[in-house]
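Written out below as structure tokens is the structure these notes cover.
There are 2 protein chains.
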Amino acid sequence: MELFNEQGYEGTSMEDLARALGVTKSAIYHHVPGKEALLGQSLDRALDALFAVLEDSAGTTGSAMERLEYVLLRSVRVLDAELPHVTLLLRVRGNTEVERRALRRRREFDHRITELVRAGMDSGEVRCDLDPAVASRLLFGMVNSTVEWYRPGQGLGAEDLARTIAAVAFDGLRSHGGGQPDR
Amino acid sequence: MELFNEQGYEGTSMEDLARALGVTKSAIYHHVPGKEALLGQSLDRALDALFAVLEDSAGTTGSAMERLEYVLLRSVRVLDAELPHVTLLLRVRGNTEVERRALRRRREFDHRITELVRAGMDSGEVRCDLDPAVASRLLFGMVNSTVEWYRPGQGLGAEDLARTIAAVAFDGLRSHGGGQPDR
DNA sequence: TTCCTAACCGACCGTTCGTTCAGTATGCAA
DNA sequence: TTGCATACTGAACGAACGGTCGGTTAGGAA
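This is the structure in structure tokens:
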């Protein structure tokens, strides 16, 4: 999966995978039906982890904003724990049936996030001058963009990252009072 | 370039391109040296447009925050005007020299954004409890993530999108006073 | 010792890839 | 009418692709 992410799915040959694993191409075909099955397993792993977060949040008592913050925090943790698989998921374009299935599940996830944002607007916790669909896309666009540079175990940790994202997403970059005076 | 974005660079054959253009493969080779040159031209076009924004912002008088907002707004406009090329740029992984050159230029762009965020912290306009490098990556991660769903001329326009992004990025999703009371 | 099975190898298949090239049609300047 | 550049075609190239298959090896159960 790391190779898929570095070189792209189509740009990675079964020969490349075999070399990285230290076995022959044939050995891989003994364990999996083909290249696309490898991709499918990886996408399912990422999606299962993300949907598990949604299931847990549904059982959570608390306001919509608290549930949204919970999903954001847990999603960053999933990103940290399953980085190669989530990265692959975010690059899927839907050119095969396997990819289209993954895209359908991802759209369902996005839809559930949008509902959460809309609930936050209804309860008055989230500003209601924005389109909930656009706001939720931007929110998770920010979360998902971290796969481009975040590396587990290097630099800042997953919890710090999650806190920073929540800070920017919910309260913004602008400083409020107590700052340095104008010069 | 649209085909490259739909199917991926490696997943798109010269035959695919020729068919989409209504000519033969050979006709393409009469105009460009090869497949990689097509990619290089596209990446340069996107990068040139983004750096033009930086050049203009440098000549702008105003606070760091105002310059940052200006760059954000103009970047969204570039995204709108050059969507296929910017999308391609955001997916580059650096497996060839052409791609590595683009990645170097992109890192330079990111660095200039980070400096802008840092200047905003120094002037007290941007909250200083965040790492400027992380904050700027999140900011443009949000901007760049729009290539996944924003389509020019459909739904909300580029200016509305830019306004929404600025609203979320600078002031956050949380509502401030005047909202619906607790129930 | 025998036998079976999971794991794996190396050679090979048909297909498709990016690229090349000799040749052709068109149009314009001399 | 000639000559030459531009735009393009169709056939072909070697390389690399995903995938197959007949055989070999290692280890545990009977």
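So the protein lines, in turn, are chains Y and R.
Heads up, the first sequence is in our numbering, so the first residue is 1 and it goes up one at a time.
Heads up, the second sequence is in our numbering, so the first residue is 184 and it goes up one at a time.
Using N, Cα and C, we set each Cβ at its ideal position, and we do this for glycine too.
Mark residue i as exposed unless 16 or more other C-beta atoms lie within 10 angstroms of its C-beta, in which case mark it buried.
| i | result |
| --- | --- |
| Q363 of chain R | For Q363 of chain R, the predicted model reports a pLDDT of 49, less than 50, meaning its position is unreliable; a value from the coordinates is still stated below. Exposed, because fewer than 16 other Cβ atoms sit within 10 Å of the Cβ of Q363 of chain R. |
| T87 of chain Y | buried |
| A352 of chain R | buried |
| V134 of chain Y | buried |
| D56 of chain Y | exposed |
| G40 of chain Y | buried |
| H99 of chain Y | Per the sequence shown, residue 99 of chain Y should be read as Glu rather than His. Looking at its Cβ environment, which holds 16 or more other Cβ atoms inside 10 Å, E99 of chain Y is buried. |
| L21 of chain Y | exposed |
| G34 of chain Y | exposed |
| A341 of chain R | buried |
| G242 of chain R | exposed |
| V206 of chain R | exposed |
| T297 of chain R | buried |
| G155 of chain Y | exposed |
| G62 of chain Y | exposed |
Under three-state DSSP, which class holds residue i?
| i | result |
| --- | --- |
| G362 of chain R | Low local confidence applies: a pLDDT of 46 at G362 of chain R is under 50, so the model's placement there is unreliable, with the coordinate-based value given in what follows. In this structure, G362 of chain R counts as coil in the three-state DSSP scheme. |
| R93 of chain Y | coil |
| R107 of chain Y | helix |
| V23 of chain Y | coil |
| R310 of chain R | coil |
| R174 of chain Y | strand |
| M184 of chain R | coil |
| M14 of chain Y | helix |
| L156 of chain Y | coil |
| R137 of chain Y | helix |
| G120 of chain Y | helix |
| P315 of chain R | helix |
| Y192 of chain R | coil |
| Y333 of chain R | coil |
| V168 of chain Y | helix |
| G40 of chain Y | helix |
| R346 of chain R | helix |
| V281 of chain R | helix |
| V32 of chain Y | coil |
Suppose the cutoff is 6 Å on Cβ atoms and the five residues either side in sequence are ignored; what does the same chain contact list for residue i look like?
| i | result |
| --- | --- |
| L313 of chain R | none |
| L38 of chain Y | V32 |
| L139 of chain Y | A169 |
Enumerate in chain order the residues of its own chain whose CB-to-CB distance from residue i is below 8 Å, with the five nearest sequence positions on each side excluded.
| i | result |
| --- | --- |
| L122 of chain Y | Reading off the sequence shown, one finds Asp at residue 122 of chain Y, where the question assumed Leu. Same-chain partners within the cutoff: A64. |
| M325 of chain R | I348, V351 and A352 |
| R112 of chain Y | L54 |
| C128 of chain Y | M121 |
| D182 of chain Y | Legend: pLDDT at D182 of chain Y = 45, less than 50; position of this residue unreliable, value from coordinates given subsequently. Hits under 8 Å: none found. |
| L230 of chain R | L272, A285, R288, R289 and F292 |
| Q190 of chain R | D199 |
| R257 of chain R | V236, D239 and S240 |
For residue i, I'd like the list of residues in its chain whose CB is within less than 7 Å of its CB, leaving aside the five on either flank, ordered along the chain.
| i | result |
| --- | --- |
| N144 of chain Y | L90 |
| L17 of chain Y | L3 and I28 |
| L161 of chain Y | V76, T146 and Y150 |
| G303 of chain R | A247, M248, L251 and V309 |
| L83 of chain Y | V147 and P152 |
| K25 of chain Y | M14, E15 and A18 |
| V78 of chain Y | A49, L50, V53 and V86 |
| L103 of chain Y | V92 and G94 |
| M1 of chain Y | S42, P84, H85 and L88 |
| T195 of chain R | L186 and F187 |
| L299 of chain R | A247, R250, L251 and V254 |
| D263 of chain R | P335 and A341 |
| T279 of chain R | E219 |
Members of the stretch 143 to 159 of chain Y that neighbour chain R once the beta carbon cut-off is set at 8 Å: Sequence-ordered contacts of the stretch 143 to 159 of chain Y with chain R read N144, S145, T146, E148, W149 and L156 [C-beta pairs closer than 8 Å].
Entirely enclosed alpha helix (DSSP H) segments - the stretch 44 to 85 of chain Y, minimum 4 residues: 64 to 81
Near-chain R residues of the stretch 33 to 44 of chain Y - C-beta to any C-beta below 8 Å: Listed in chain order, the positions of the stretch 33 to 44 of chain Y with a beta carbon within less than 8 Å of a beta carbon of chain R would be empty, since no residue qualifies.
Residues from the stretch 340 to 359 of chain R in contact with chain Y, defined by Cβ distance under 8 Å: Cβ contacts with chain Y: L344, T347, I348, A350, V351, A352, F353, D354, G355, L356, R357, S358 and H359.
Within 7 Å of chain R by C-beta, residues of the stretch 5 to 23 of chain Y in sequence order: Here the close residues are E6, Q7, G8, E10 and G11.
Residues within the stretch 54 to 65 of chain Y neighbouring chain R, beta-carbon criterion of under 8 Å: Under the 8 Å Cβ criterion, the stretch 54 to 65 of chain Y contributes M65.
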